[in-house]
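Structure, as structure tokens:
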Amino acid sequence: MTTTPWWHGAVIYQVYPRSFQDSDGDGVGDLPGIEQRLDHLADLGIDAIWISPIFPSPMADFGYDVADYCGADYCGIDPLFGSLGDFDRLLHAVHKRGMRLLLDFVPNHSSDRHPWFVDSRSSRASPKRDWYIWRDPAPDGGPPNNWISDFGGSAWAWDAATGQYYYHAFLKEQPDLNWRNPALRAAMLDVLRFWLDRGVDGFRIDVLWHMVKAADFPDNPPNPDYRDGMGEMHSVLQVHSTDQPEVHAIAAEMRALADRYGDRLLIGEIYLPLERLMHYYGVESAGVHLPFNFQLIEAPWNARALARLIADYEAALPAGGWPNWVLGNHDRPRIATRVGEAQARVAAMLLLTLRGTPTVYYGDEVGLADVAIPADCLVDPRELREPGLGLGRDPVRTPMPWDRTPNAGFTSGTPWLPLNADWPTRNVALQRDDPASMLSLHRRLLALRRAHPALAIGDFALVAAEDDVLAYARRHDGTPLLVALNLGGSPHDLPLPQWARGGRVLLSTLGQERSVADTLSLAGDEGVIIQPSES
Ligand code: GLC
Ligand code: MG
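Under my numbering, the first residue of the sequence shown is numbered 418, with each subsequent residue one higher.
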């Protein structure tokens, strides 16, 4: 008998802590703020919260530049977010409500203000020199190779004092750690231990596929498909700077450590083609539990393409590998902007009825769209370094609109990024009591997942992918449920499979619950979940 791990049936919710709830009037969200809003998450019915980084940081990349990971000797939470005491209180409050808490582990790089890097750059003889990636200049004095930072420009920064370059896959304020160094490796595993001992339920691991680079640092090949406007990082293919075979031993070490604590969860952030992505489950599932599946983020929004993508993903999963799905995150355009407000409801039904663990990005449950940020309010280094290409992430990181009080209840001060202009009519309080709202749709979808194991952990079988209609069955111990999604704006009829005829629409994204005969008439932009009559 094997028991199903808690995260198979779970729904994860991503909190971007700067933007969730401010408690002290500084305009930036914080840990006590998250605690104040836990009832919202519990009402919604989510199972686990992943919080983007909250550790001490100069905030060059808004917390993805960690200056203190916490270890045996020292530990902290950035004062902007609160204290370690606030963290413990939050963790306790989350657990008390039967939810779990996942932290964001940023192992690929630290802040350049981390004491390790300060030490490392102090001299070539520093015992921490090799904890980072230092190389001599090329013969012409230039950078050691042609690797490009993901945020544009060379990925090498010159250190005049010690006469070498250091590597940074992101900002120069984010020097890459050298995971080939055993002492660094041990120190970072201690960091995981520290938080696991404190009771966190797992981690989302930042840029896992970046962690190891080819040992001899060869040039990356040029990208033949590169076009202006894509962002300079795409001018070369990152074949030598990412996704090296040695990364899997590191993931396995992290997994072995997490497993010693019982049912903790590791999720890896990995942007790679399917067949490369699957390696991150590890040989015999010794890698991370869930390599993030970002395919829906860039998927063309039509039935055939989605059906193909789902089939390819399901087919590529290794034995025992559990699927997962994501519509967006703090780095990518929001779903409501990509597919429009009407289809965002259908997308929510898709995300929450596919086979696998879904992660919901904060704000998507009220249909938040990307917010146009005035030029003088832009703060994301991704935007500031390569302006105007639409690569900036400020639009998807705006404050959560809670209610109609000033600043939508997010802060008593000045929000660090502007609110969505429609916050007086698009906010949690208004949607909570409106049965037709996006929030109510999410709440009902999550309730159905709890009521029907078929939706949470059942098998998946495609039923139709024609015109604009995508339909599939989910089955667990008995009669399946049918999910049918109209991905377009015009009505469509779907002849139902025998078993679904005469069933009931348990949930319609348009609130049109009804019984069905032999043919399902879907309104434009409608998604439904049908329960056959005999069950
Ligand atoms: C990940 C994070 C992103 C960050 C980058 C560097 O992709 O999601 O926000 O900028 O890593 O840490
Ligand atoms: Mg604050």
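Glycine residues also receive a C-beta, built at the ideal position from the N, C-alpha and C atoms.
Note that this is a predicted model, so its numbers are computed, not measured.
(request) Taking W739 as the reference, give the member of N710, S938, L458 and M650 with the closest Cα. (result) Looking from the CA of W739, the closest CA among N710, S938, L458 and M650 belongs to N710.
(request) Leaving aside the five residues before and after L801 along the sequence, list all residues of the same chain whose C-beta is less than 7 Å from its C-beta, in chain order. (result) So the list reads L795, once near-sequence residues are dropped.
(request) Using the Cα positions of S950 and I667, report the straight-line distance between them to the nearest angstrom. (result) Rounded to whole angstroms, the gap between the alpha carbons of S950 and I667 is 50 Å.
(message) With distance defined between alpha-carbon atoms, name the residue in N595, V653, W423 and Y730 nearest to E663.
(response) Checking every option, the nearest Cα to that of E663 belongs to N595.
(message) Please list the terminal residues of the continuous alpha helix (DSSP H) segment that includes R517.
(response) Looking at the DSSP string, R517 is not in any alpha helix (DSSP H); the run it does join, the beta strand (DSSP E), is R517 to F522.
(message) For a test of the three-state rule: what should DSSP assign to M418, helix, strand or coil?
(response) Residue confidence is low: M418 scores 47 on pLDDT, short of 50, so the model does not pin down where it sits. Its coordinate-derived value is still stated next. Three-state DSSP puts M418 in coil, outside helix and strand.
(message) Given this structure, state the Cα-to-Cα distance separating D623 from D645, to the nearest angstrom.
(response) Cα to Cα, D623 sits roughly 27 Å from D645.
(request) Output the distance between the C-alpha atoms of A882 and N719, rounded to the nearest integer angstrom. (result) If you take the alpha carbons of A882 and N719, they lie about 9 Å apart.
(message) One question on the structure: do M628 and P524 come within less than 8 Å of each other, judged by their Cβ atoms?
(response) Yes, these two residues count as a Cβ contact at 8 Å.
(message) Within a Cβ cutoff of 8 Å, which residues of the same chain sit near P852, ignoring the five residues on either side of it in sequence?
(response) Same-chain partners within the cutoff: G928.
(request) Using a Cβ-Cβ cut-off of 8 Å, state whether L461 counts as contacting chain B. (result) No chain B appears in this structure, which consists of one protein chain only.
(message) Quick check on G619: does DSSP put it in helix, strand or coil?
(response) In the displayed model, G619 falls within a strand according to three-state DSSP.
(message) With the cut-off set at 8 Å, would you say P434 and S469 are in Cβ contact?
(response) Yes, these two residues count as a Cβ contact at 8 Å.
(request) Enumerate, from N- to C-terminal direction, the unbroken beta strand (DSSP E) stretches of 3 or more residues contained entirely within the region 466 to 538. (result) Contiguous beta strand (DSSP E) elements confined to the region 466 to 538 occur at 517 to 522, taking only those with 3 or more residues.
(message) Taking the beta carbon of L508 as the centre, do at least 16 other beta carbons fall within 10 Å, making it buried, or is it exposed?
(response) Result: buried.
(request) Please check the pair M855 and R762, which I expect to be a contact at CB under 8 Å, by giving their CB distance rounded to whole angstroms. (result) That pair is a contact at about 6 Å.
(request) Could you have a look at A888 and say whether DSSP puts it in helix, strand or coil? (result) In the structure shown, A888 sits in a strand (DSSP, three-state: E or B).
(message) Please report the distance separating the alpha-carbon of G493 from that of V483.
(response) A direct Cα-to-Cα measurement between G493 and V483 gives close to 11 Å.
(message) Give me the residue from P798, T815 and L771 with the minimum Cα distance to D781.
(response) It is T815 whose Cα lies nearest to the Cα of D781.
(request) Could you have a look at H869 and say whether DSSP puts it in helix, strand or coil? (result) Coil, per DSSP.
(request) Would you give the residue range spanned by the alpha helix (DSSP H) that H457 belongs to? (result) According to the DSSP assignment, H457 belongs to the alpha helix (DSSP H) that extends over L455 to L461.
(message) If I follow the unbroken alpha helix (DSSP H) through I727, where does it start and stop?
(response) Unbroken alpha helix (DSSP H) run through I727: A720 to A733.
(message) If distances are taken between C-alpha atoms only, which option among V608, K630 and H425 comes closest to W551?
(response) Taking only the C-alpha atoms, the option nearest W551 is K630.
(request) When you get a sec, list the residues whose CB is within less than 5 Å of any heavy atom of the ligand MG, chain order please. (result) The set, ordered by position in the chain, is D439, D441, D443, V445 and D447.
(message) Excluding the 5 residues flanking I565 on each side, which residues of the same chain have their C-beta closer than 8 Å to its C-beta?
(response) Only S571, A572, N637, E649, M650, S652 and V653 meet the Cβ criterion.
(message) Our contact map puts T960 next to H425 with C-beta atoms below 8 Å; I'd like the distance itself, whole angstroms only.
(response) As shown, the chain starts at 418 and ends at 952. That puts residue 960 outside it, with no answer to give.
(message) I need the DSSP call for F877, collapsed to helix, strand or coil.
(response) The DSSP-derived three-state label of F877 is strand.
(message) So, with DSSP's three-state summary, where would you put V948?
(response) The question names Val, but residue 948 is Gln in the sequence shown. Q948 carries a strand assignment under DSSP once its states are collapsed to helix, strand and coil.
(request) Could you tell me which of D618, Y697, L682 and R918 sits nearest to Y688, measuring between CA atoms? (result) Of the candidates D618, Y697, L682 and R918, the one whose C-alpha sits nearest the C-alpha of Y688 is Y697.
(message) Assess contact between the region 858 to 870 and the region 755 to 770, defined as three or more Cβ pairs (one per stretch) separated by less than 8 Å. Is contact present?
(response) Contact between the region 858 to 870 and the region 755 to 770 is present, because at least three Cβ pairs lie under 8 Å.
(request) Could you tell me which residues DSSP puts in a beta bridge with A882? (result) The beta-bridge partner set that DSSP reports for A882 consists of L887.
(request) Keeping to the same chain, check which residues put their C-beta closer than 7 Å to that of F498; ignore five residues upstream and five downstream. (result) Hits under 7 Å: P434, D447, L448 and I471.
(message) For the ligand GLC, is there any heavy atom lying closer than 7 Å to the beta carbon of F587?
(response) Yes, since a heavy atom of the ligand GLC falls inside the 7 Å radius drawn around the Cβ of F587.
(request) Report the option in L904, H909, I466 and A917 whose CA atom is closest to the CA atom of A890. (result) Selected option, being the one with the closest Cα: A917.
(request) Give me the Cβ distance between G906 and Q948, rounded to the nearest whole Å; I'm assuming they're in contact under 8 Å. (result) Their Cβ separation, rounded to whole angstroms, is 26 Å, which puts G906 and Q948 out of contact at 8 Å.
(message) Taking 8 Å as the cut-off, does the region 690 to 704 touch the region 596 to 603 (at least 3 CB pairs, one atom from each stretch)?
(response) The region 596 to 603 vs the region 690 to 704: no contact.
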